[in-house]
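Novice: Residue 994 in my numbering is what sits at position 147 of the sequence shown, and the numbering runs on without skipping anything.
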Amino acid sequence: MILGASSFAGNFSEIASELQSVELYMPKLGVYKNSILQQDILESILDELSTFDLQTSLHAPYFADVPTYPKDVVVDTADMGEGEFRLIRESIELASRLGSRAIVLHPGRFDHDHEACFNKMVVNLKLLADYAGDCGVMLGLENKEGTSTGNMCCNAEELVRAVEEVNSDNLGATFDIGHANLTCGGDRTKLHEFAKTLAPYVVHVHVHDNGGVWTSNYDGDEHLAPGAGTIDYSALKELGGYKGIYNMEVFSIEDVRSGKETIKKALCMV
848 MILGASSFAG
858 NFSEIASELQ
868 SVELYMPKLG
878 VYKNSILQQD
888 ILESILDELS
898 TFDLQTSLHA
908 PYFADVPTYP
918 KDVVVDTADM
928 GEGEFRLIRE
938 SIELASRLGS
948 RAIVLHPGRF
958 DHDHEACFNK
968 MVVNLKLLAD
978 YAGDCGVMLG
988 LENKEGTSTG
998 NMCCNAEELV
1008 RAVEEVNSDN
1018 LGATFDIGHA
1028 NLTCGGDRTK
1038 LHEFAKTLAP
1048 YVVHVHVHDN
1058 GGVWTSNYDG
1068 DEHLAPGAGT
1078 IDYSALKELG
1088 GYKGIYNMEV
1098 FSIEDVRSGK
1108 ETIKKALCMV
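Shown next as structure tokens:
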């Protein structure tokens, strides 16, 4: 088991003192200005990263309509132009350079015609998976929370369908247990079934907590420390032989410290 945390949880030194991996969260790493990658800033960050013994994963830019998300790196995988493809390609290229274990992609958004949007997303994901194959890296399409309207691939079945239709050795699934808990309405049995359905496709895992219901705060997607909400983390056992990264998407190193103990107990590692 490899435990990690997103780069917004703390600095590299703090993360390295607690964990084995860091997920470089590209939208908020400070490396983009007007959607253009600032290579000098990136190199400075990578120089610092190289001084620590940390494995890596990457979170590519995605769609978010909240004030805290940078508007110049918005990507809807169901509606991509050249600029959006360039942003994802840059994450793929960086992952290849670092030897990262996975790149997290968000599924696209849908309007009145869900099926048409789904098909457009599949076409775009095929192109991205081909490029990932050329670069020798793995993409992990993440399940989104069903409490937010407009998200595709909230349920396990649709995410599996997307992965199967892309049909690439370089695209699997990122299982986000926090999002799944919201989609399942906090129901433990449904959460276990969700994990079991997705298990054969999982290449990466996101771990954080919530109350399992919609709230006015990010539609309930609160990204609490594992153990601070209602999630039954024993559902992670449904992933069977998964040996990759369990990445904590939390906002402080204190949440990392408490969260890693919750994960270890759930997986019978302590």
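Note that the Cβ used here is the ideal one computed from N, Cα and C, for glycine as well.
Source: prediction; values computed, not measured.
#1: Excluding the 5 residues preceding and the 5 following T903 in the sequence, name in chain order all residues of the same chain whose CB lies nearer than 8 Å to its CB.
#2: Could you say which of I1078, H1055, E992 and V1013 lies nearest to D1034 if we only look at CA atoms?
#3: Does the stretch 1095-1113 come within contact of the stretch 1067-1078, defined as at least 3 CB pairs closer than 8 Å?
#4: If you draw a straight line from the C-alpha of N966 to the C-alpha of A1082, how long is it?
#5: Hey, G1025 and D977 are a contact pair by Cβ (cut 8 Å); roughly how many whole angstroms apart?
#6: Could you tell me which residues DSSP puts in a beta bridge with V869?
#7: Closest by CA to R956, which one among G983, S995 and G1076?
#8: Determine the extent of the alpha helix (DSSP H) in which Y909 is found, giving its start and end residues.
#9: Identify whether D968 lies in helix, strand or coil by the three-state DSSP scheme.
#10: Relative to the C-alpha of A979, which residue among M927, V1013 and R936 is closest?
#11: What's the call for P954, buried or exposed, on a 16-neighbour Cβ count within 10 Å?
#12: Can you check whether the CB of T924 is closer than 9 Å to the CB of L1006?
#13: Can you give me the C-alpha to C-alpha distance between V1050 and F1041, rounded to a whole angstrom?
Specialist: Reading it off the structure:
#1: For the purposes of this step, residue 903 is identified with residue 56 of the sequence shown, where counting begins at 1. Counting only Cβ-Cβ distances below 8 Å, and skipping sequence neighbours, we find S868, V869, E870, L871, L896, A942, L945, G946, S947 and R948.
#2: By 1-based counting over the sequence shown, the position of residue 1034 is 187. Looking at the Cα atoms, I1078 is the closest of the given residues.
#3: yes
#4: Taking the sequence shown and counting its residues from 1, the one referred to as residue 966 is at position 119. Taking the sequence shown and counting its residues from 1, the one referred to as residue 1082 is at position 235. Near 30 Å, if we compare the C-alpha coordinates of A1082 and N966.
#5: If you number the sequence shown from 1, residue 1025 lands on position 178. If you number the sequence shown from 1, residue 977 lands on position 130. No, G1025 and D977 are not in contact; Cβ-Cβ is about 30 Å, not under 8 Å.
#6: Working through the sequence shown from its first residue, we reach residue 869 at position 22. A852 and T903, per the DSSP bridge assignment.
#7: On the sequence shown, residue 956 is found 109 positions in, with the first residue counted as 1. R956 has its Cα closest to that of S995, out of G983, S995 and G1076.
#8: Translated into positions along the sequence shown, residue 909 becomes position 62. No alpha helix (DSSP H) contains Y909, which DSSP labels as neither H nor E.
#9: In the sequence shown, the residue the question calls residue 968 occupies position 121. According to the sequence shown, residue 968 is Met rather than Asp. M968 falls in the helix class under three-state DSSP.
#10: As a working note, residue 979 is residue 132 in the sequence shown. The residue with the shortest Cα to Cα distance from A979 is R936.
#11: For this step, residue 954 is matched to residue 107 along the sequence shown. Classification for P954: buried.
#12: Here residue 1006 corresponds to residue number 159 of the sequence shown, with the count starting at 1. Here residue 924 corresponds to residue number 77 of the sequence shown, with the count starting at 1. Not closer than 9 Å, so no.
#13: As a first step, residue 1050 is located in the sequence shown; it is residue number 203 there, counting from the start. As a first step, residue 1041 is located in the sequence shown; it is residue number 194 there, counting from the start. Distance between the alpha carbons of V1050 and F1041 is about 15 Å.
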